[in-house]
Every structure is written in C-alpha cells, then in structure tokens.
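S.K.: Under full-length UniProt numbering, the first residue of the sequence shown carries the number 1, and numbering increases by one thereafter. Ideal placement from N, C-alpha and C gives every residue a C-beta, glycine not left out.
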Amino acid sequence: MSIVEMTNAAIDKRMKTEYPHLLYPAAMRAKITRAAAGQYNLKILDDTGAVDDRFPEIPNVKSDQAFEAGDTVAILLMYGQLDPYIVGKVVS
Numbered sequence: 001m002s003i004v005e006m007t008n009a010a011i012d013k014r015m016k017t018e019y020p021h022l023l024y025p026a027a028m029r030a031k032i033t034r035a036a037a038g039q040y041n042l043k044i045l046d047d048t049g050a051v052d053d054r055f056p057e058i059p060n061v062k063s064d065q066a067f068e069a070g071d072t073v074a075i076l077l078m079y080g081q082l083d084p085y086i087v088g089k090v091v092s
C-alpha cells in the first residue's frame, strides 16, 4: 500500500468516525410516510425524488407544522447532528 493510499484510508476512517455529518448533505427532501399528532416518519429522497434506500425510515420526527402522509418536506441536519429538523413542505 502506498503512502497516498494509507493517507486516504486514514482520512476516510476519521471522516466516518468523527465527522459522519460531512458525508451527507445538510439539507434534503423527505417523504412523510406516517403522520400522527405532530410526529412524522420520514423516508429520505435522492436528488431525483425517488426513495434513497441508503437511509432507513426515520421515525418520530417532531414538528409544530401540520403535514399529511405522502407530503414531501425539506429537512435539515443542523449543527452536525444526524437528527432531522423539518423546515417545511416542498411545493413543486
């Protein structure tokens, strides 16, 4: 293994363990799969609007905004955390 490959492997490992939020966009679209009493289950969408299977469904995301199952919303991953915050409904 060359020094470049070793360096890249070390950087990749550190990114995954210490900075996982940098591996994902800070803002994404998500489909609401369940809506109940201000809590929502979300499926992350890719840039084409299809469900992104790399992400599991995210349960119990709270919001004071009202949405229905099937709505597409914009979400943020704030301050390097991997917990989504619903910004609002995506209108297309």
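(1) What's the call for arginine 34, buried or exposed, on a 16-neighbour Cβ count within 10 Å?
(2) Run through DSSP, which three-state label would glycine 88 get?
(3) For the alpha helix (DSSP H) containing alanine 10, name the first residue and the last one.
(4) I think aspartate 64 touches glycine 38, with their Cβ atoms under 8 Å apart; what is that distance to the nearest whole Å?
(5) Looking at C-alpha atoms only, which residue of Ala9, Ala36, Leu77, Gln81 is the closest neighbour of alanine 26?
(6) Closest to aspartate 47 by CA distance: which of Glu57, Ala30, Met15 is it?
(7) Report yes if the C-beta distance between alanine 52 and isoleucine 44 is below 7 Å; otherwise report no.
(8) Can you round the beta-carbon distance between isoleucine 11 and valine 73 to whole angstroms, since I take them to be within the 8 Å contact cut?
(9) Give the DSSP-derived three-state secondary structure of tyrosine 24 in the structure shown.
M.R.: Working from what's here:
(1) Locating residue 34 in the sequence shown gives position 34, counting from the first residue. Label assigned to arginine 34: exposed.
(2) As a working mapping, residue 88 is identified with position 88 in the sequence shown. Strand.
(3) The residue labelled residue 10 in the question sits at position 10 within the sequence shown. Alanine 10: member of the alpha helix (DSSP H) spanning 3-18, first to last residue.
(4) One-based indexing of the sequence shown puts residue 64 at position 64. One-based indexing of the sequence shown puts residue 38 at position 38. Yes, they are in contact, since the Cβ atoms of aspartate 64 and glycine 38 sit about 7 Å apart, within 8 Å.
(5) The count along the sequence shown starts at 1 and reaches residue 26 at position 26. It is Leu77.
(6) Counting from 1 along the sequence shown, the entry for residue 47 is found at position 47. In terms of Cα proximity to aspartate 47, the closest of Glu57, Ala30, Met15 is Ala30.
(7) Numbered from 1 along the sequence shown, position 52 holds the residue referred to as residue 52. Numbered from 1 along the sequence shown, position 44 holds the residue referred to as residue 44. Note that residue 52 is aspartate in the sequence shown, not alanine. Yes, they are a contact pair.
(8) Residue mapping note: residue 11 aligns to position 11 of the sequence shown, counting from 1. Residue mapping note: residue 73 aligns to position 73 of the sequence shown, counting from 1. Actually they do not touch by this definition, with Cβ atoms about 33 Å apart.
(9) On the sequence shown, residue 24 is found 24 positions in, with the first residue counted as 1. Tyrosine 24 falls in the coil class under three-state DSSP.
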